[in-house]
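There are 4 protein chains.
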Amino acid sequence: MAADAHPPIEELAARIRAFVDRELIPLEAEFLKNAAALEPVLEAKREEVRKLGLWALALPREAGGQGLPLAQFARVSEELGRTPTGHYVFGVQAPDIGNAELLHLAGTPEQKEQYLKPLVAGRVRSCFAMTEPHTAGANPVLLSTRAVREGDEYVIDGHKWFCSSADGATFAIIMAVTDPDAPPYQRASMFLADTSNPGWKFVRNIPVMGEAHGGYFSHAEIRLEKLRVPVSARLGPEGAGFLLAQERLGPGRIHHCMRWLGICARAQEELCKRAVRREIAPGKRLADTQLVQSWIAENAADIACSRALVMQVAEHAEKHGFKAAREEVGIIKFQVAGALQRVLDRTLQAHGALGMTDDAFVAFAFRHERAARIYDGPDEVHKLSVAKQILKRYR
Amino acid sequence: MAADAHPPIEELAARIRAFVDRELIPLEAEFLKNAAALEPVLEAKREEVRKLGLWALALPREAGGQGLPLAQFARVSEELGRTPTGHYVFGVQAPDIGNAELLHLAGTPEQKEQYLKPLVAGRVRSCFAMTEPHTAGANPVLLSTRAVREGDEYVIDGHKWFCSSADGATFAIIMAVTDPDAPPYQRASMFLADTSNPGWKFVRNIPVMGEAHGGYFSHAEIRLEKLRVPVSARLGPEGAGFLLAQERLGPGRIHHCMRWLGICARAQEELCKRAVRREIAPGKRLADTQLVQSWIAENAADIACSRALVMQVAEHAEKHGFKAAREEVGIIKFQVAGALQRVLDRTLQAHGALGMTDDAFVAFAFRHERAARIYDGPDEVHKLSVAKQILKRYR
Amino acid sequence: MAADAHPPIEELAARIRAFVDRELIPLEAEFLKNAAALEPVLEAKREEVRKLGLWALALPREAGGQGLPLAQFARVSEELGRTPTGHYVFGVQAPDIGNAELLHLAGTPEQKEQYLKPLVAGRVRSCFAMTEPHTAGANPVLLSTRAVREGDEYVIDGHKWFCSSADGATFAIIMAVTDPDAPPYQRASMFLADTSNPGWKFVRNIPVMGEAHGGYFSHAEIRLEKLRVPVSARLGPEGAGFLLAQERLGPGRIHHCMRWLGICARAQEELCKRAVRREIAPGKRLADTQLVQSWIAENAADIACSRALVMQVAEHAEKHGFKAAREEVGIIKFQVAGALQRVLDRTLQAHGALGMTDDAFVAFAFRHERAARIYDGPDEVHKLSVAKQILKRYR
Amino acid sequence: MAADAHPPIEELAARIRAFVDRELIPLEAEFLKNAAALEPVLEAKREEVRKLGLWALALPREAGGQGLPLAQFARVSEELGRTPTGHYVFGVQAPDIGNAELLHLAGTPEQKEQYLKPLVAGRVRSCFAMTEPHTAGANPVLLSTRAVREGDEYVIDGHKWFCSSADGATFAIIMAVTDPDAPPYQRASMFLADTSNPGWKFVRNIPVMGEAHGGYFSHAEIRLEKLRVPVSARLGPEGAGFLLAQERLGPGRIHHCMRWLGICARAQEELCKRAVRREIAPGKRLADTQLVQSWIAENAADIACSRALVMQVAEHAEKHGFKAAREEVGIIKFQVAGALQRVLDRTLQAHGALGMTDDAFVAFAFRHERAARIYDGPDEVHKLSVAKQILKRYR
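Chains R, W, G and L are the protein sequences, given in the same order. Everything in the first sequence is counted per the numbering used here, starting at 1 for the first residue and increasing by one. Everything in the second sequence is counted per the numbering used here, starting at 1 for the first residue and increasing by one. Everything in the third sequence is counted per the numbering used here, starting at 1 for the first residue and increasing by one. Everything in the fourth sequence is counted per the numbering used here, starting at 1 for the first residue and increasing by one.
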């Protein structure tokens, strides 16, 4: 794709959809059996994507990406979200996309050279070590990982989990408290660390909903034991950790919503296909029953209004910045996660016993996307935060 | 307002909002006691609106309105919907706005002169006699009112109800079967009839949710007993009744959704105001509690995504016609009606006992807007219809 | 009915059901038009009930009632709840039944003679003045009505509302703070006062969901202005107000749940009757559609599990006292109120436009029983209280 | 346990609860990693249960069980349901318990000797081959597996799945059409077949929600290819297949409900434990927040009313037979499955990220018990069936 001109977004989306349908959806059965074992195959698909000029569409140009505006990437992301490997194969997968944006935003020229370039190029993978098993992520006061300055180094100790994709990652961005006496939101800083660092102790890939395959599609538990990094490995100023995390999470939440819309769309397709095929009495299909019809319509409503709102918020955020869109981003985070869960639940129910099996796309989505209402802030945290912003206008 | 140039929509909305806040919301207490008795006061307000150049904004210019595009009227309508008399005072109230559109679309020059002109000017009111107590409105085959041609006249017999605003209306548009043997959707025609016609038997204002005040804010039961109209009183071709009804209902449903968004917005305002005022323990307000906060956020999400979708559909319908937007109009009809009910329910609950009384806006809205999920097609009819349109793409 | 032997409960329930069907349900149309005007007719029905030996079944024998055990009254109450006048006509209506229990429990012989006897006999009516418009009822600290001792009298000042049935009541039980410095739950006391007392200022019958008919079926706003009562009019010890209120509310909440089950049962009957009658296409009834069938089943489930639990709790409370059943009573209060709202909502929807009119039982129930989730403690207060009791077992 | 006298049920339940807490819950982590590998350990636990006299409590005495009445077993089953291995270790696990009841009911003395005795003793396992991948189980007309009589044998061909516990089972009960021209409910018969029969082709253990461990805790896909059984292997009369299936499913559904109540109870325990432990701000626990408190209360209500109804239905079914209780069994099937899903969803959400991992009980239950709304008839089939039974009383 030429760097200067994006083709009309619907044309781009159609190309991507065709690729997803032809190249990626057929891999799902294999993916479900062993996601890690599929990585070489996915690597080949990534190469094709690069050749097609569709690589890293949403990443900043200066970082080697293609700079697709957020509202357009929303459209693309919905296509990629239709299959679990979509974003990965097109080089726009979490957590790398978020890490790339962080590096682009706050990295030194040396950090960009060392970490950002190979990351955007897809030559390495990364992870983000923020969540801790024993502290509530929504409360900065509780963050317990410490980074203590010793001369030209920081020594980091802590316990992290849900380090997505840490297994196989080359480097990590670590969130740690540098000044426990500072005001809560100025206590932490971010650090770049190679996973080959001897202080980076990989504990396990956490079994999530029964699965612990490893590789990109995994979530690790990590212990940081006297992990030493040079001062030059600090990402951004000391004390800027939460500020940077917010910068990362704002677009990150929109990215999640856009991906969820793709999962919803795929579920609805699978439901409709199943409904027109499945015979429930001679000459009568699931699609002929009122109950299944009403689920299809409810899915359509959940999807349509979530999509309309996400597009609006993406445009607003792009125009006025994520800070201005904070309230709306909070709303879509829990609204779309809720819609996703309802859509998947209806779709699973319409599949009957098949819906419980890995022969069906919906079973995978149902169990793993339950996390949508939890990660990057559980529904409740977003609801309370949105309400407080609204109530300010009445006090 | 100059006929040629609409001021930027947000400026227009702000002017209307100020009028609603200053002139109409203070009338609500009186309105709830006796809506009919308030009509002279409302007439004076209408006169002010005319002077401000804000009359009949959404009606076609050729008919004497101001031709505001649908997506802009959506914004205006949300402001008007904040109080029960808003649309009436601004001359854009159902059923008159729908009848005006019908007359504009299908009326002869004489019909327009006689009926449309005074209607748009607000000098007379009208009603629409379609719904029947003993037949299911969603099924054209069941329509039982008959119009039999006798020479230059039609003789109409039937039983109608939910003739909104029939009490005090000058004329009615009546839906009646002219050819029971035609294909279902070609059986009926529409007729204009004066309510002074001796065949127009006013039975009663139906008590709806405990109220039967009469006047504009009422719903009548009517018997048509050998009601005779000249052939020239037929609106549109013979057999075009359902076609015209669809033309009327498409924009009508969007109009309802836009008005409901106004009710939602007002409810949310009332909830927030109540929450910051109501003390539940010394120094602690309702607004400080998680449960009320979560309701405020859920209201915000219901409103935000409904509004985003309605706007999108209004733009789509305006650009490509209501026929192209049929599936989406079906979706917003049940989606926004559902959001409305949820918003009102949360708001009422947050009001406690006060929410059950006519001292609170929400009590009126809660009981009357329960009808939103029923009129112009119950949720279920829209859901099944939307699903069938979606499923066509899979068969 | 002989004082010593209750007939088997199902036989008793069947007799009552027959009376309700024959004598009371036919009065509903009249009742909805003007409940106050119907009182003379209801008085005659009460006389018939007395003759049938079915009067005041649930009241204590010593107080002139028939002492039906709570779990048996639950069954009876479900029959009475099928129509709005049921409990009233059988002499077991709130607030009188609760006031009678209070007088029975805490009244002096003189108080019983003067107030309890005529109340149980149905010769007078009473009311209970506890709720205040400007304080949250769930928090005893906020109660603002004051009773100040002056010699042999108390002087009471305050502002009350939702004094149900105050219009036409002969006397009231008033809750007022006697010692603002006592521990919160020992601050208030109860007082008996005649409504002819010059300090009892009747402000208005509050319009509730559009209705303010007056008479038994009303809710008043009252001002207490230097209302003087002799010390002998205090009900129970000074400071025992909240304790007594709890004694009154425990069984009161079970009584509400039992009545709500009757409303649910009636709604389900109306839904089924409507479903088998209403034609939606030639030869096809509402009852033949999956969506209406699923509502009927969901109603049945809501009713069946609520009923099973209410019965169990009634038995438990009767055996071990209301204090032991406190957690369970909290659960049924919000569980059954929620089931009631769902049942009424489904039933209304199945009625279509008819469901919005006073031609249908459901419209009355829908608007008035919305209060079920609010009075005697809103859902939220009960939920938090239940949770705290459960959590105690884990701390 | 003496065969003649059951200890009071609460004492029995307490003994079992203690065993579950001490012996089985600690095995859960191992179980989640590899259920099949745990079987030898479980075998030892079963031996302890036998020694304690708690084996096969719910099975008929004549079959070697202990004949615990259904309503008492409900109480026991709730304790066993608290951990995934409970029923298995106590010898009352599906599908064996249902197969045992079938053999007890319809088996010949030879069949009982050969199959029932070792089954009840726990020396062998069995499976039930009814569900087919390509036909809707709710419709008998669609059953496609055929059993053709050839001399003294039946030759069975078909395709089955969700043969729970087929992996490792010694024999199967197979449902097959013997007379395709009979009235629908008389077309099928049941057959006993050893899994060593060459016509029994084990295809795979179906991966269910990401897991395919094999052994008792598995669901197999099976092909029946010219599987030959002697006529003496038919279970019950020819054509009695559906009748027997109903006999099996009636109590089976109550058994499921009772087990689900145990899962609910356990989830609620885990939620409460987590809530009192998890710090969300200094000195503030999850248990101190309104939202988590409201979930705990909602869980309590869901559990309490489901339990009350299940107990009532169990008593009714035992007294009057499953046929008389058919409507109620249909209600509890979807009511309790729904309550289960809601309870698990709230519990998972309260766990945050931990709830997605196999470190938490709830993750396993959330993904696997989604099937509760599907197996033994999906919610929708039960709802429609319940409604039709209710509506019969109005036609």
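Built from N, CA and C at the ideal position, the CB exists for glycine as well. None of these values were measured; they are calculated from a predicted model.
Which listed residue (the options) has its alpha carbon closest to that of residue i
| i | options | result |
| --- | --- | --- |
| R/I296 | R/E279, R/A314, R/R266 | R/R266 |
| W/I173 | W/R393, W/P378, W/A129 | W/A129 |
| G/R373 | G/A240, G/L116, G/G330 | G/G330 |
| L/M209 | R/V92, R/V386, R/M356 | R/M356 |
| R/G86 | R/Q349, R/L27, R/E10 | R/L27 |
| R/V41 | R/R82, R/L68, R/P69, R/Y88 | R/Y88 |
| W/P237 | W/V177, W/K284, W/W200, W/A287 | W/V177 |
| G/V310 | G/P282, G/K45, G/A339 | G/A339 |
| G/E279 | G/T131, G/K33, G/A337, G/G352 | G/G352 |
| R/F217 | R/E269, R/D21, R/F364, R/D376 | R/F364 |
Residue i in three-state terms, based on DSSP
| i | result |
| --- | --- |
| L/E238 | coil |
| W/I374 | coil |
| R/A14 | helix |
| W/A71 | helix |
| W/L80 | helix |
| L/F128 | strand |
| W/A121 | helix |
| R/K323 | coil |
| G/A136 | coil |
| R/R285 | strand |
| L/M1 | Below a pLDDT of 50, predicted positions are generally treated as unreliable, and L/M1, at 43, falls in that range; no measurement from the model is reported. |
N- and C-terminal bounds of the beta strand (DSSP E) containing residue i
| i | result |
| --- | --- |
| W/L309 | No beta strand (DSSP E) contains W/L309, which is instead part of the alpha helix (DSSP H) from 290-320. |
| G/G215 | Note, G/G215: premise wrong, no beta strand (DSSP E); not H, not E. |
| W/L224 | 219-230 |
Limits of the alpha helix (DSSP H) - the one that residue i falls within
| i | result |
| --- | --- |
| L/V141 | No alpha helix (DSSP H) contains L/V141, which DSSP labels as neither H nor E. |
| W/R346 | 326-351 |
| G/V362 | 361-368 |
| R/A106 | 96-106 |
| W/Q389 | 379-392 |
Neighbourhood of residue i by C-beta distance below 7 Å, restricted to the same chain and skipping five residues each side
| i | result |
| --- | --- |
| R/A240 | S189 |
| W/P180 | R187 |
| L/I9 | Q72, R75 |
| G/F242 | P140, Y185, A188 |
Cβ neighbours of residue i in the same chain (closer than 6 Å, five flanking residues each side left out)
| i | result |
| --- | --- |
| R/H316 | A325 |
| L/V231 | D152 |
| L/R259 | S77, G81 |
| G/E47 | none |
| W/N197 | L227 |
Cβ shell of residue i (< 8 Å), same chain only, five flanking positions each side left out
| i | result |
| --- | --- |
| R/T195 | C127, A166, A169, T170, F171, A172, F202 |
| R/P95 | S126, C127, F128, S164, S165 |
Continuous beta strand (DSSP E) assignments of at least 3 residues falling wholly in the region 144-207 of chain G:
Along the length of the region 144-207 of chain G, whole beta strand (DSSP E) runs at least 3 residues long occupy 146-150, 153-164, 171-177, 188-194, 200-205, reported in chain order.
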